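Visitor: Following this message is one structure expressed as structure tokens.
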Amino acid sequence: MVSLVHNAYGAVEFRDTTGDHLWKTAGNWYPTGVPGYGSGSVIIGGSNTCLIDSTTTAQTDAIYAGHSYRPAGTCYLNIDGSGSTLNVKGHFWLGASANGYNCTTSLTNGAFVKTAWVTASSYTEIGAASGSIGKLNITGASTVFEPYALNLGYSSGSNGQMYLYSGTVNFGGNLTIGRLGDGKLNLCGGSILNQAGSYNSIYMANATGTTCTLWMTNGLINTANGGLVVGNVGSATVTMDGGEMDLGFLWLGTAANPYSSGVVHLNGGLIKLSGTNLSVKSGSTLDITGGALSLGGTVTDITTYGNVTAYGGEGVFHYEYVSGPRTIVTALPVGIGNLWNEEAELSTAQHITFSGTTRQGAFTDPGRTTLIEAGGNVYAFFRQYAGSGNFEIYRAVSTDGGVNFTVEYNPC
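The sequence shown maps to residues 1 to 412 in this note's numbering.
Structure follows, in structure tokens:
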């Protein structure tokens, strides 16, 4: 649990004495004057409102917003307008004191925030203290630049939320949704980018017993040098209705943590893996009802390294039931191997140009019957994108006891 105590020797208080809410007004600060680098940490009370407007470049050593030197409640730190800038050398904590000292920070209309750019051990913590809530809203082509770690739900019992409508979040360390507390990331537009040359990733649920979600309707998440872990220690859920994720890897649950699990609902948009590392742990679910999942590399790469692990008797395989062919909504094979000549497997009428592979597996029809028992044959066919080395799953054909049926996958 984190609970900050006011240090009269190392902190500057925003008291809003004049009532104009402005950072740039000297009379709003105690002991005196607008702070700068070397003035100490800035603390903003749990019931204050502070505005950095388009004429202000605010500079400080650290910020603890939602602090207990004022009555409990929600403080508002707003950075608004092109030219409004906040530079923080060290920590940037929202919801800094425990039990009801909350903070909502909004970046609007081209605002710019750069945090922890001097001290490598300093981080941006949204929802820093136990029992408190931190929220970060970003819109209007605004930017957050965090060279190190960015955490939503830093402490046990905390709650951290980030809502990106437009603009950019650029992070160089790991972005954690639910470090020890609850975390939520809603992406309705804009971009979340791993800084160039950084190999860090997005982690969800770094503790058990937390609620950690990522909901995406538009925009871009790019961690091509890293990846996305849905359920690192605990459980987490991703719902994707639109937009694009460019990932180096996607893990649902982790082998090292027995209580970890992840659920991904791909209802629209594109999840693109620059590598071929997709892992769906036992108890986890990848449920594709729309959109597309694209694997980088080639079938040979997947076969050689064997690092695609989906369902295969452990993860959950879902598909929609229709009166004709059944629609695959999760369509990734496990341990791809045994490449064959599709000419020998398909009649001329069925033939298209793709490569294929076989895999033992089990298909189940929720609420109905088992269509194929473990040990039956499942054929997953791949089609190559024109002019690229990327493959998409096109369809799967399975047989069980002489009964043939076809499972179709139609990418958007």
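Cβ atoms here follow ideal geometry from the backbone N, Cα and C, with glycine treated the same way. None of these values were measured; they are calculated from a predicted model.
1. So does the region 31 to 40 actually touch the region 65 to 77, counting three or more Cβ pairs closer than 8 Å?
2. May I have a chain-ordered list of the beta strand (DSSP E) segments no shorter than 3 residues that lie completely inside the region 109 to 160?
3. Give the straight-line distance between the Cα atoms of Y165 and R15, rounded to the nearest whole angstrom.
4. Measuring CB to CB, does T32 end up less than 8 Å from A58?
5. Determine the burial state of G173: buried for a count of at least 16 other Cβ atoms within 10 Å of its Cβ, exposed for fewer.
6. Leaving aside the five residues before and after A111 along the sequence, list all residues of the same chain whose C-beta is less than 7 Å from its C-beta, in chain order.
7. Given Y199, which residues of its chain have a CB within under 6 Å of its CB, disregarding the five upstream and five downstream residues?
8. Which residues bound the beta strand (DSSP E) around Q59?
9. Apart from the five residues on each side of it in sequence, which residues of its chain come closer than 6 Å, Cβ to Cβ, to K114?
10. Give the secondary structure of N225 by DSSP, where H, G and I count as helix, E and B as strand, and everything else as coil.
11. Whose C-alpha, out of V229, S260 and T237, is nearest the C-alpha of L273?
12. Based on the DSSP secondary-structure assignment, which residues constitute the bridge partners of T239?
13. If I'm right that V169 touches T208 with Cβ under 8 Å, what's the distance once you round it to whole angstroms?
14. In the structure shown, what three-state DSSP assignment does A11 receive?
15. Quick one: residues in its chain with C-beta nearer than 7 Å to the C-beta of G367, no 5 flanking neighbours on either side, listed in chain order?
16. Would you kindly work out how many angstroms separate the C-alpha atoms of Y69 and G178, rounded to a whole number?
17. Could you tell me whether the Cβ atoms of G262 and G291 are closer together than 8 Å?
18. On the criterion of 16 or more Cβ atoms from any shown chain inside 10 Å, does P147 qualify as buried, or is it exposed?
19. So who's on the other strand from V169, going by DSSP bridges?
20. Would you identify the three-state DSSP class for G46, choosing helix, strand or coil?
21. With distances taken between CB atoms, is the gap from G189 to T223 smaller than 8 Å?
22. Taking the alpha carbon of L187 as the point to measure from, which residue in N99, Q161, Q195 and L51 has its own alpha carbon closest?
23. Measure the beta-carbon distance from Y29 to V12 and round it to whole angstroms, keeping in mind my assumption that it falls under 8 Å.
24. Identify every residue that forms a DSSP beta bridge with A292.
25. Answer yes or no: do G73 and S47 have a C-beta to C-beta separation smaller than 8 Å?
26. Would you list the residues sitting across from N102 in a DSSP beta bridge?
27. Find the nearest neighbour of L107 within the set E125, S122, Y123 and N137, judged by alpha-carbon distance.
28. Beta-carbon separation of A128 and G95 under 8 Å?
29. Just verifying my parser: in three-state terms, what is the DSSP assignment at G27?
30. Pick helix, strand or coil for A207, following the three-state DSSP scheme.
31. Would you verify that the beta carbon of M240 is, or is not, closer than 8 Å to some beta carbon of chain D?
32. By a C-beta neighbour count over all protein chains shown, 10 Å radius and 16 as the cutoff for buried, is N99 buried or exposed?
33. For T18 and G27, I'd like the C-alpha separation in whole angstroms.
34. Alpha carbon to alpha carbon, how far is G283 from L252?
Guide: Well, looking at it:
1. no
2. 112 to 115, 124 to 126, 133 to 138, 143 to 146 and 150 to 152
3. 30 Å
4. no
5. buried
6. I79, D80, G81, S84 and S142
7. N225 and G226
8. T57 to T60
9. N87 and F145
10. coil
11. V229
12. W215 and H265
13. Not really, about 27 Å apart at Cβ, beyond 8 Å.
14. strand
15. For G367, the predicted model reports a pLDDT of 32, less than 50, meaning its position is unreliable; a value from the coordinates is still stated below. Once the five neighbours on either side are set aside, G367 has no close Cβ partner at all.
16. 27 Å
17. no
18. buried
19. V144 and I192
20. coil
21. no
22. Q161
23. Looking at the sequence shown, residue 29 is not Tyr but Trp. Indeed they touch by this definition, with Cβ atoms about 6 Å apart.
24. L270
25. yes
26. T74
27. N137
28. yes
29. helix
30. coil
31. Chain labels in this structure do not include chain D; a single protein chain is all it has.
32. exposed
33. 6 Å
34. 9 Å
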